[in-house]
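Here the sequence shown stands for residues -30 to -1, 1 to 217, numbered as in mature numbering (1 follows the signal peptide of the UniProt record, and there is no 0). Beta carbons are placed, not taken as given, at the ideal position from N, Cα and C, and that holds for glycine. Structure record follows, encoded as structure tokens.
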Amino acid sequence: MMVIRKLVAPMLFLLLRLVQTLLISTLVTAQAPAPSLEASPGVPSTSPPATFPPAESPIPVVETFPTNTTFALLADNGTHPIRQTAVALTSPAGIYALALVMDGFGKEGATRDFCWTEVYRIHNQQDVTFRVNCKPFRVEHCSLSLTLDGDLRLTLESAGGKLVSWRTSTENHDVTEAKLDDAGVLTLVKADGTVVWSSDDHNQGCPQPFRPPDIDESSGSLRFSACKYLVVLFSTLLGLTVPNCLW
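In structure tokens form, the structure reads like this:
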């Protein structure tokens, strides 16, 4: 009996120490702070669309308009009679733009579009500071050019005929480029910055909003166009000036 007690006592002692060690280990683990986790980025509640609608194309920035430069537009043959715009010059801060404009005004089946040139505020195209060829007729092709000798011209073409509908008459005045300031004033200047011509001094005051009178393409437009070509042609030959806004 004494032998059994001597064998059991150490075993009980070891068992009690093992239980005590396990209890202490469990208590320490329970009180230890949880390991920190790296913050994961938030997950959006909904996924972004697979495709986005195309953003409106920004207006091109055109910083210079030197001599011997031409911007041109061609009528779209009536398939999409909407406005076309060729930006020739933008002001330094991108507030105003000088543009050549061609518009069919929604007339289906027309082979000619109205054409004019204007200076307008880029973010509010109803704000126009300068416009020429105020009441145009339908043409097949038009262009705005600063000629090599310094004359800014709006040229219209139709049925094989060509007409300089408006010009600054500044040839041979040492003009090197056209400039547009952030107030919407268009100028033609020399190399030293001297102003030869300014839109402030030649603003024809075209009405707002702008829309040419409705003219039936099949019954009068061609005769109207031909009449203007002839009148301006003979007036030019005779040295007379025909104000464009009278048409």
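Item	Value
Measure from the alpha carbon of K149 to the alpha carbon of each residue in P62, D97, S135, then state which is nearest.	P62
Please determine, among E147, A45, A153, V159, the residue with the shortest C-alpha to C-alpha distance to S115.	E147
T164 to D119, Cα distance in whole Å?	16 Å
Taking only runs that begin and end inside the region 141 to 169, name each unbroken beta strand (DSSP E) of 3 or more residues, in chain order.	147 to 150, 156 to 159, 165 to 168
Short of 7 Å in beta carbon distance, which residues of its chain neighbour V57, apart from the five on each side in sequence? Order them along the chain.	I29, P30, V32, A67, A69
With distances taken between CB atoms, is the gap from L124 to S139 smaller than 9 Å?	no
Helix, strand or coil: how does DSSP classify G120 here?	coil
Measure how close the beta-carbons of F100 and L156 come, nearest whole angstrom, since I'm counting them as under 8 Å.	6 Å
Tell me whether the beta-carbon of S135 lies closer than 9 Å to the beta-carbon of H111.	no
Distance, Cα to Cα, T117 vs D73?	25 Å
Contact defined as beta carbons within less than 8 Å: I believe V89 pairs with G154. What is the distance between those atoms, to the nearest angstrom?	5 Å
Please classify N38: is it buried, with 16 or more other beta-carbons within 10 angstroms of its beta-carbon, or exposed?	exposed
Could you round the C-beta distance between R82 and V109 to whole angstroms and report it? I think they count as a contact, below 8 Å.	6 Å
Do V71 and R53 have their C-beta atoms within less than 9 Å of each other?	yes
Can you tell me the Cα-Cα spacing of G64 and N142, whole angstroms?	30 Å
Could you compute how far the alpha carbon of A161 sits from the alpha carbon of N173?	24 Å
Around the C-beta of N94, are 16 or more other C-beta atoms found within 10 angstroms, so that it is buried, or is it exposed?	exposed
What residue range is occupied by the uninterrupted beta strand (DSSP E) comprising G131?	131 to 137
Pull up the distance between the alpha-carbon of D121 and that of V166, whole angstroms please.	11 Å
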